[in-house]
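Same order as they appear, the protein sequences are chains S and A.
Residues are numbered in my numbering as their position in the first sequence, beginning at 1, plus a constant of 779.
Residues are numbered in my numbering as their position in the second sequence, beginning at 1, plus a constant of 779.
Backbone N, C-alpha and C fix where the C-beta goes; we use that ideal spot for every residue, glycine too.
For reference, the structure discussed in these notes is given below.
2 protein chains.
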Amino acid sequence: MKELDPLLHSQLRLAVMSILMTVEEADFVYLREKTESTAGNLSVQLDKLSSAGYLCIQKEFAGKRPRTVCSITLQGRKAFEDYVDTLRTYLNL
Amino acid sequence: MKELDPLLHSQLRLAVMSILMTVEEADFVYLREKTESTAGNLSVQLDKLSSAGYLCIQKEFAGKRPRTVCSITLQGRKAFEDYVDTLRTYLNL
DNA sequence: TAAATAAGTTTATTTTATAAACCATATTCT
DNA sequence: AGAATATGGTTTATAAAATAAACTTATTTA
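Right under this line is the structure:
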């Protein structure tokens, strides 16, 4: 049985990637609200996804406030699709 | 975002449930081979699924050797289907 | 009869996820 | 102006999980 990419097999990381699959980019606040996660947890998980090269993070300023913008990478997109395929075999879909 | 049943959102437990969805019953050895897991890990995960009422475990003897047979319960079947539905919203399927 | 194998269980270790605490800046209230 | 509050996060600590290693009991096999 092929193993599920552990980086994606996590509720919050999967939710984040799922959102980024459908949207050109998303900032920290949006992701936090959409996923109903705490900032701390989100921060950690974004770092992991970023370290893996699944998404890229740009830090800008919106007016005077910091803004963290995330977008999925090609590699991330591929990994997500791969994960879905593997999952299908688990779910009998 | 609805949360994914943590009992099913685990690689090994999901694999086990997936198998039990398609097969009347399966014994310990079969599950271990099919999932390529260690006996220790499998034992722990089967206990959890059993405690949750997702599967039932019968201990018999096959000749002189013990045999642990598992089958999915109605509740387990429902939980699995529910998990799949929830997951769809994450995966945009 | 001693060593190896089978079928598990229990305990220990590592990894993960999550939450709590914290930091820096900006804004609002008195 | 200075204190309190909000914003947008990061870092550190805690709780929960997954996994592996060690152990148990019985059974074959050499």
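| said: Runs of 4 residues minimum, wholly inside the stretch 821 to 852 of chain S: which ones carry the alpha helix (DSSP H) assignment? | reply: Runs of the alpha helix (DSSP H) inside the stretch 821 to 852 of chain S: none found.
| message | I need the boundaries of the alpha helix (DSSP H) containing residue 795/S, first residue and last residue. | response | Per DSSP, residue 795/S belongs to the alpha helix (DSSP H) from 790 to 801.
| task | Pick helix, strand or coil for residue 784/S, following the three-state DSSP scheme. | result | Coil at residue 784/S, not helix or strand.
| said: Using CA atoms only, rank isn't needed, just tell me which of 846/S, 825/S, 808/S, 832/S is closest to residue 857/S. | reply: Closest option to residue 857/S, Cα to Cα, is 832/S.
| task | Please check the pair residue 823/A and residue 810/A, which I expect to be a contact at CB under 8 Å, by giving their CB distance rounded to whole angstroms. | result | The beta carbons of residue 823/A and residue 810/A sit about 13 Å from each other, so the pair does not count as a contact at 8 Å.
| said: Within 8 Å, do at least three Cβ pairs link the stretch 845 to 860 of chain S to the stretch 796 to 815 of chain S? | reply: With a cut-off of 8 Å, the stretch 845 to 860 of chain S and the stretch 796 to 815 of chain S count as touching, because enough Cβ pairs lie within range.
| query | List, in order along the chain, the chain S residues whose C-beta lies closer than 9 Å to that of residue 808/A? | reply | Correct list: empty, because the minimum Cβ distance to chain S is about 16 Å.
| query | Whose C-alpha, out of 866/A, 859/A, 864/A, 834/A, is nearest the C-alpha of residue 851/A? | reply | Ranking 866/A, 859/A, 864/A, 834/A by Cα distance to residue 851/A puts 834/A first.
| message | For residue 792/A, which residues in the same chain have their Cβ closer than 8 Å to its Cβ, ignoring the five residues on either side in sequence? | response | Within the same chain, and ignoring the five residues on either side of residue 792/A in sequence, the residues whose Cβ sits closer than 8 Å to its Cβ are 786, 824, 827, 828.
| Nearest-angstrom Cα separation, counted from residue 871/A out to residue 860/S | Between residue 860/S and residue 871/A, the C-alpha separation is close to 11 Å.
| task | Give the straight-line distance between the Cα atoms of residue 836/S and residue 864/S, rounded to the nearest whole angstrom. | result | The alpha-carbon separation between residue 836/S and residue 864/S amounts to approximately 26 Å.
| message | So residue 799/S contacts chain A; which residues on that side make the cut at Cβ distance below 7 Å? | response | Simply none; closest approach about 11 Å.
| query | Which residues mark the beginning and the end of the alpha helix (DSSP H) in which residue 814/S is found? | reply | Unbroken alpha helix (DSSP H) run through residue 814/S: 807 to 814.
| request: Report the residue from 821/A, 867/A, 799/A whose alpha carbon sits nearest the alpha carbon of residue 854/A. | output: Across the set 821/A, 867/A, 799/A, the C-alpha of 799/A shows the shortest separation from the C-alpha of residue 854/A.
| field | Residues from the stretch 811 to 825 of chain A in contact with chain S, defined by Cβ distance under 8 Å | value | So the list reads 813, 814, 815, given in the order they occur along the chain.
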